[in-house]
Every structure is written in C-alpha cells, then in structure tokens.
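Undergrad:
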Amino acid sequence: MPFTTLISPAEVAAHLDDPDWVIVDCRFSLADTEKGRRDYLASHIPGALYAHLDEDLSSQVIPGQTGRHPLPAIGDFAQTVSSWGIDARVQVIAYDDASSVYAGRLWWMLRWLDHDAVAVLDGDWRHWQQAGYPTRSGTETRARRTFTPRPRPERLATAAEIAARLDDNALLLIDVRAEDRYRGENETLDARGGHIPGARSAPYSLNLDADGRYLPADELRARYEALLGDRPAEEAIFYCGSGVSAAHDLIALEYAGLGAGRLYVGSWSEWITDPERPVATGAKP
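All residue numbers for the sequence shown refer to this note's numbering, where the first residue is 1 and numbers rise by one.
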C-alpha cells in the first residue's frame, strides 16, 4: 500500500535504496528565499532532490492579478516532476524543516494531478537529524521518467467562485493563518489585513503537537468534525496567505479519514488584489 499522507523517519530510512521511491527536500524561508537551497546543499536525506517553492512549485507573480505563489503551468510542472524521476509507479516523500508547511505544497500539487502515492515526513528534517539517520551534502540526480498529469479540478476553488457564493450559507471557508492575521492585525506579508467575509479561523498550527508532529488521527478528526459540522470535507474550501500552508490542513483532513477538501490556491494575497472584493476584520467570520 502506498503512503498517502504521513510517513515516519524510520519508514523513510528503510527505503533509501528503493529505486521507486523519490525523496524531495522542500525547505524554504519566506525571509530568505535561498536559505532552503543552501541548507539542502549542506546536508539532506541521502538521495533527496531539491524543490524550490518559488521556482519549482509556483509560477511568476503577476502584480495586481495573482497571489504570492500562483501555480505553475501544468505542463511545466509535469516536466519538472519528470526530471525528478517521478512517474506513476513512484512513491514520493516530501519534507522540510517547518512541520510540512512547504512540503505540503508539493504533496497537494501531486494529489491535485492524480498522483496519490505521496506523503510528507512527519516530524520533518529536524526529527530525521535527531534520530541519527544518515545525511549527505551536495546535489543529487535521478534518471528521468515521464510524469503524466491528470488534473482534478474538484480539488481547486477560485476567487470568482468564492465571490459569487459569499451570500451562500452552504459556503464553508476555512482560514488557516494565525489568528492575529485573520483579525487583520500584525499583517507583515500582504498589503492588507483581515479575512474573506464568512471564513472561519482555524490555524494550521493547531494540527501539531509540541514537537512539531501531526496530532493523532482521532484528535484531528474531532477538530475537523467540529469545523465541518454535517458537511462532507469535499465542500470545505481552505485558504491561507498564498496557497502554501493551507495544504497542511488538507493533509490533516485526509489523515483523519475525512476525505479531500478544496484549496483556494490564490488565497488571501490574491483575494486582496481586487479592491472590489470585500474584506472583514476582527474575530468574527
């Protein structure tokens, strides 16, 4: 059975020499966009390739139109994934050093394109090191394979859809950013603070225990059942600042056995590019 949500360091270590496993290092820092690459070159899981959030998992920002991390063209991303040696037979493992905030973006993109055999390293790079598993420095390469994308449009939500449904009581929007950013306070990443009217605040950080690992599945299930009420996960739309950290919740949702939610990839940074779109502030939806 493939790993489709979380995987432990021990399980990854047991497959380091498996030709049908590809490990991708997704370390990144918004404050220093080359730090992740430098850290990868200095030390990484043996065999791991490097994925840069801005270069590999996003396309170029169009000021006034897109959010901070728009999706790359499907064809371009398929070529990148192929160059990593990934095809339909491959088990992909993504990791970072931020409790899977960035690795989750790759996880979601592959799931969106119908590659289910992808999981994130629970406990991330830090726990790999703490456990004393092997590391390597420098660059890595893999023999090219052919990745065939099959988009699942039902996994996506758009600004147009959300704007058209703001008065629809059936719309379930979940904002996974920190509570202060949701309220419109301490906004340092985007030009305007607040949240999409009607969105509920549910910070992704509450998915984690004190060691930065995901909570047990039953605890996550209780958390999300309270958010979903009587609605299926497939009706919930998750967003964050730029379509990265919200994937963290989508992993948690599936790990809890509740199904696949939807991602508004443009998220808050795209929503506020149009001054006609309404904005709410404060603690209430």
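Virtual Cβ for every residue (Gly too), placed ideally from N, Cα, C.
(1) Over what stretch of residues does the beta strand (DSSP E) that includes residue 236 continue unbroken?
(2) Tell me whether residue 255 sits in a helix, a strand or coil according to DSSP, three-state version.
(3) Let me check understanding here. Comparing Cα to Cα, which of 210, 265, 280, 245 lies closest to residue 183?
(4) On the three-state DSSP scale, how would you describe residue 40?
(5) Would residue 137 be called buried (16 or more neighbouring beta carbons within 10 Å of its own) or exposed?
(6) CB-CB under 7 Å to residue 20, same chain, minus the five flanking residues each way: which ones, in chain order?
(7) Using 8 Å as the cut-off, can you tell me whether the segment 180 to 197 makes contact with the segment 244 to 258, which would need three or more C-beta pairs spanning the two stretches below that distance?
(8) Round the Cβ separation of residue 145 and residue 76 to the nearest angstrom and send it over; I've been treating them as touching at under 8 Å.
(9) At 4 residues or longer, and completely inside the segment 186 to 234: list those alpha helix (DSSP H) runs for me, N to C.
(10) Going by beta-carbon coordinates alone, are residue 287 and residue 112 separated by less than 7 Å?
(11) Closer than 8 Å by C-beta to residue 165: which residues in its own chain qualify, once you throw out the five before and the five after it? Chain order, please.
(12) Please report how far the alpha carbon of residue 105 lies from the alpha carbon of residue 57, in whole angstroms.
(13) Please say whether residue 127 and residue 9 have beta carbons closer to each other than 7 Å?
(14) How far does the beta strand (DSSP E) with residue 21 in it extend, from its first residue to its last?
(15) For residue 79, which residues does DSSP report across the bridge?
(16) Threshold first: 3 residues or longer. Then list the beta strand (DSSP E) segments lying entirely within the segment 111 to 165, N to C.
(17) Please classify residue 14 as buried or exposed, where buried requires at least 16 neighbouring CB atoms within 10 angstroms.
(18) Would you mind reading off the limits of the alpha helix (DSSP H) that contains residue 61?
(19) Between the Cα of residue 286 and the Cα atoms of 259, 255, 70, 222, which residue gives the shortest distance?
(20) Specify the secondary structure class of residue 92 as computed by DSSP and reduced to three states.
(21) Ordered along the chain, which non-local residues of its own chain (more than five positions away) have a Cβ less than 6 Å from that of residue 201?
(22) Measuring CA to CA, which of 64, 60, 85 is closest to residue 73?
TA: The short version:
(1) By one-based count along the sequence shown, residue 236 stands at place 236. That run of the beta strand (DSSP E) goes 236 to 239.
(2) Translated into positions along the sequence shown, residue 255 becomes position 255. Reduced to three states, the DSSP call for residue 255 is helix.
(3) In the sequence shown, counting from the first residue as 1, residue 183 sits at position 183. Residue 183 has its Cα closest to that of 280, out of 210, 265, 280, 245.
(4) Position 40 of the sequence shown, counted from the start, is the residue given in the question as residue 40. In this structure, residue 40 counts as helix in the three-state DSSP scheme.
(5) Within the sequence shown, numbered from 1, the residue matching residue 137 stands at position 137. The residue is exposed, with fewer than 16 neighbouring Cβ atoms inside 10 Å.
(6) Here residue 20 refers to the residue found at position 20 of the sequence shown. Cβ neighbours of residue 20 beyond the five flanking positions: 89, 90, 91.
(7) Result no; under three Cβ-Cβ pairs closer than 8 Å.
(8) Walking along the sequence shown from the start, residue 145 turns up at place 145. Walking along the sequence shown from the start, residue 76 turns up at place 76. Wrong, their Cβ atoms sit about 17 Å apart, outside the cutoff.
(9) Qualifying alpha helix (DSSP H) stretches, in chain order: 217 to 228.
(10) The requested residue 287 is not part of the displayed model; the chain covers only 1 to 285.
(11) Start at 1 with the first residue of the sequence shown, and residue 165 comes out as number 165. Here the set comprises 171.
(12) In the sequence shown, the residue the question calls residue 105 occupies position 105. In the sequence shown, the residue the question calls residue 57 occupies position 57. Roughly 7 Å separates the two Cα atoms.
(13) If you number the sequence shown from 1, residue 9 lands on position 9. If you number the sequence shown from 1, residue 127 lands on position 127. Cβ atoms of residue 9 and residue 127: closer than 7 Å.
(14) Translated into positions along the sequence shown, residue 21 becomes position 21. Unbroken beta strand (DSSP E) run through residue 21: 21 to 25.
(15) Reading the sequence shown from its first residue, position 79 is the one you call residue 79. Beta-bridge pairing links residue 79 to no other residue.
(16) 118 to 121
(17) The residue labelled residue 14 in the question sits at position 14 within the sequence shown. Under this definition residue 14 is an exposed residue.
(18) Indexing the sequence shown from 1 puts residue 61 at position 61. It is not in any alpha helix (DSSP H) - residue 61 carries neither H nor E in the DSSP assignment.
(19) Nothing about residue 286 can be read from this structure; the chain reaches only from 1 to 285.
(20) The residue labelled residue 92 in the question sits at position 92 within the sequence shown. Reduced to three states, the DSSP call for residue 92 is strand.
(21) For the purposes of this step, residue 201 is taken as the residue at position 201 of the sequence shown. Excluding sequence neighbours, residue 201 sits near 175, 179, 182.
(22) Your numbering for residue 73 matches position 73 in the sequence shown. Residue 60 is the option with its Cα nearest to residue 73.
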